[in-house]
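Protein chains in written order, with the working numbering: chain U, 28 to 135; chain S, 46 to 161.
Worksheet for the structure shown next.
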Amino acid sequence: DAKTTQPNSMESNEEEPVHLPCNHSTISGTDYIHWYRQLPSQGPEYVIHGLTSNVNNRMASLAIAEDRKSSTLILHRATLRDAAVYYCILGTGNQFYFGTGTSLTVIP
Amino acid sequence: EAGVTQFPSHSVIEKGQTVTLRCDPISGHDNLYWYRRVMGKEIKFLLHFVKESKQDESGMPNNRFLAERTGGTYSTLKVQPAELEDSGVYFCASSQGRQGTFYEQYFGPGTRLTVT
Numbered sequence: 028d029a030k031t032t033q034p035n036s037m038e039s040n041e042e043e044p045v046h047l048p049c050n051h052s053t054i055s056g057t058d059y060i061h062w063y064r065q066l067p068s069q070g071p072e073y074v075i076h077g078l079t080s081n082v083n084n085r086m087a088s089l090a091i092a093e094d095r096k097s098s099t100l101i102l103h104r105a106t107l108r109d110a111a112v113y114y115c116i117l118g119t120g121n122q123f124y125f126g127t128g129t130s131l132t133v134i135p
Numbered sequence: 046e047a048g049v050t051q052f053p054s055h056s057v058i059e060k061g062q063t064v065t066l067r068c069d070p071i072s073g074h075d076n077l078y079w080y081r082r083v084m085g086k087e088i089k090f091l092l093h094f095v096k097e098s099k100q101d102e103s104g105m106p107n108n109r110f111l112a113e114r115t116g117g118t119y120s121t122l123k124v125q126p127a128e129l130e131d132s133g134v135y136f137c138a139s140s141q142g143r144q145g146t147f148y149e150q151y152f153g154p155g156t157r158l159t160v161t
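Encoded structure:
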């Protein structure tokens, strides 16, 4: 079973903010939370990662719940190029544990 | 800077045959990972190299799979003999720095393996 659970799909209007949720209730204290996205015919691409505190970078923001059992990837203004499958991943030891991913559709 | 490359992009073989997948990581990246996604399932870890040494191969499904990383550069993943359930997409990724999942992993485009 996957260590993270995500909705199968979500839609967003172009230029609107998008909040992609992820549950990881079995997370341990040293596990990192990573988000990657995958475009068709490409490998996963790094988006953001964090441990306990909220994180911001040029692509997105990551909001981590206080108990770390859930997190939310925030795209501040969705563009058509953001349409992809977004994976919430737990980094444990040397391994990445992928969820099944959320397919994001951006509506023009 | 060249990214992670994988060869071939697609391979179709018959059950019982042998296939070898190749991964060229980003130059200077000591860590190399193999993952795969079989139909309808999530992407799963197979193994992790640090330079030429296998650090963690707990995700390898069985002894039909053999991974090598000669000289700490490119890596190969051989499946012998291939079975129908081996069909899927095999991804390679590399990262710099020390072991552990803190560092960003750079993924290749994957090799789609179809066993008929």
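Glycine included, C-beta positions come from ideal geometry on N, C-alpha and C.
Looking only at its own chain, which residues have a Cβ that is under 7 Å from the Cβ of residue i, when we skip the five neighbours before and after it?
{"i": "residue 111 of chain U", "result": "64, 65, 66, 131"}
{"i": "residue 128 of chain U", "result": "33, 112, 113, 114"}
{"i": "residue 73 of chain U", "result": "63"}
{"i": "residue 109 of chain U", "result": "102, 131, 133"}
{"i": "residue 84 of chain U", "result": "75"}
Sorted by chain position, which residues of the same chain lie with C-beta nearer than 6 Å to residue i's C-beta, five sequence neighbours on each side aside?
{"i": "residue 93 of chain S", "result": "78, 100, 101"}
{"i": "residue 125 of chain U", "result": "114, 116"}
{"i": "residue 119 of chain U", "result": "58"}
{"i": "residue 98 of chain S", "result": "none"}
{"i": "residue 111 of chain S", "result": "123"}
{"i": "residue 94 of chain U", "result": "none"}
{"i": "residue 97 of chain U", "result": "50"}
Less than 7 Å separating the beta-carbons of residue i and residue j?
{"i": "residue 120 of chain S", "j": "residue 158 of chain S", "result": "no"}
{"i": "residue 140 of chain S", "j": "residue 148 of chain S", "result": "yes"}
{"i": "residue 66 of chain S", "j": "residue 81 of chain S", "result": "no"}
{"i": "residue 75 of chain S", "j": "residue 89 of chain S", "result": "no"}
{"i": "residue 109 of chain S", "j": "residue 124 of chain S", "result": "yes"}
{"i": "residue 156 of chain S", "j": "residue 51 of chain S", "result": "yes"}
Just confirm the distance between the C-beta atoms of residue i and residue j, as a whole number of angstroms; I'd bet it's less than 8 Å.
{"i": "residue 99 of chain U", "j": "residue 48 of chain U", "result": "5 Å"}
{"i": "residue 49 of chain S", "j": "residue 153 of chain S", "result": "4 Å"}
{"i": "residue 45 of chain U", "j": "residue 107 of chain U", "result": "Wrong, their Cβ atoms sit about 13 Å apart, outside the cutoff."}
{"i": "residue 106 of chain S", "j": "residue 62 of chain S", "result": "Between residue 62 of chain S and residue 106 of chain S the Cβ distance is about 17 Å, and since that is not below 8 Å, they are no contact."}
{"i": "residue 39 of chain U", "j": "residue 134 of chain U", "result": "7 Å"}
{"i": "residue 81 of chain U", "j": "residue 90 of chain U", "result": "5 Å"}
{"i": "residue 64 of chain S", "j": "residue 56 of chain S", "result": "5 Å"}
Could you tell me which of the options sits nearest to residue i, measuring between CA atoms?
{"i": "residue 59 of chain S", "options": "S:73, S:155, S:128, S:67", "result": "S:128"}
{"i": "residue 87 of chain S", "options": "U:133, U:118, U:29, U:121", "result": "U:29"}
{"i": "residue 88 of chain U", "options": "U:134, U:96, U:104, U:95", "result": "U:104"}
{"i": "residue 50 of chain U", "options": "U:42, U:86, U:60", "result": "U:60"}
{"i": "residue 134 of chain S", "options": "U:93, U:68, U:74", "result": "U:68"}
{"i": "residue 123 of chain U", "options": "S:155, S:160, S:103, S:161", "result": "S:103"}
{"i": "residue 137 of chain S", "options": "U:97, U:41, U:70, U:83", "result": "U:70"}
{"i": "residue 150 of chain S", "options": "U:85, U:75, U:109", "result": "U:75"}
{"i": "residue 68 of chain S", "options": "S:130, S:142, S:47", "result": "S:47"}
{"i": "residue 35 of chain U", "options": "S:71, S:85, S:130", "result": "S:85"}
Might you give, ordered along the chain, the residues of its own chain that have their beta carbon closer than 8 Å to the beta carbon of residue i, omitting 5 neighbours on each side?
{"i": "residue 53 of chain U", "result": "30"}
{"i": "residue 43 of chain U", "result": "104, 105"}
What are the residues of the segment 94-110 of chain S that lie near chain U, defined by any Cβ-Cβ distance shorter than 9 Å?
95, 100, 101, 103, 104
Could you run through the segment 63-81 of chain U and flag, in chain order, every residue whose CB is less than 9 Å away from some CB of chain S?
63, 65, 68, 69, 70, 71, 72, 73, 76, 78
Positions along the segment 57-77 of chain S whose CB lies within less than 9 Å of some CB in chain U:
76
Residues from the segment 99-115 of chain U in contact with chain S, defined by Cβ distance under 9 Å:
114
The segment 29-58 of chain U: positions lying closer than 7 Å to chain S by Cβ:
29
Give, in chain order, every residue of the segment 145-156 of chain S whose Cβ lies closer than 8 Å to some Cβ of chain U.
145, 146, 147, 149, 150, 151, 152, 153, 154, 155
Check each residue of the segment 114-132 of chain U: if its Cβ is closer than 9 Å to any Cβ of chain S, include it; give the result in chain order.
114, 116, 117, 118, 119, 120, 121, 122, 123, 124, 125, 126, 127, 128
Please list, in chain order, the residues of the segment 126-137 of chain S that have any C-beta partner in chain U closer than 7 Å.
136
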